[in-house]
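In what follows, a structure is listed as structure tokens, so that the remarks can point back to it.
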Amino acid sequence: WFTALGVSTMAFNLNGFNFNQSIIDSQGRVIGTWADVINRANLGMEVMHERNAHNFPLDLAALDSAPVALSAPAING
598 WFTALGVSTM
608 AFNLNGFNFN
618 QSIIDSQGRV
628 IGTWADVINR
638 ANLGMEVMHE
648 RNAHNFPLDL
658 AALDSAPVAL
668 SAPAING
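Following the numbering used here, the numbering of the sequence shown begins with 598 at its first residue and continues without gaps.
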């Protein structure tokens, strides 16, 4: 069961619990809780751990670009 849970967690990029804005009052304002503090800390650790996971690869971005089309086709209408 734990293997299936781990595979499905990684497949759908579920990195943990989300307690963001867990309690809201009648005015629509967020009431801060310890769960919000833990969630912010977890997000910070995740960003530091996977800092290049979702960025465009720098070795691909550093290459010179080549034009695909040198001239546009004429449109006769």
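We put the CB at the ideal spot given by N, CA and C, even for glycine.
Would you check if the distance between the CB atom of Ile620 and the CB atom of Thr630 is smaller than 7 Å?
Taking the first residue of the sequence shown as 1, we reach residue 620 at position 23. Taking the first residue of the sequence shown as 1, we reach residue 630 at position 33. Contact: yes.
Tell me the rounded alpha-carbon separation between Ile628 and Ile635.
Position 31 of the sequence shown, counted from the start, is the residue given in the question as residue 628. Position 38 of the sequence shown, counted from the start, is the residue given in the question as residue 635. Going from the Cα of Ile628 to the Cα of Ile635 covers about 14 Å.
Would you kindly work out how many angstroms separate the C-alpha atoms of Arg626 and Arg637, rounded to a whole number?
The residue you call residue 626 lines up with position 29 of the sequence shown. The residue you call residue 637 lines up with position 40 of the sequence shown. Roughly 18 Å between the two C-alpha positions.
Express the C-alpha separation of Asn639 and Leu602 in angstroms, rounding to a whole number.
Start at 1 with the first residue of the sequence shown, and residue 602 comes out as number 5. Start at 1 with the first residue of the sequence shown, and residue 639 comes out as number 42. The straight-line gap from Cα to Cα measures roughly 20 Å.
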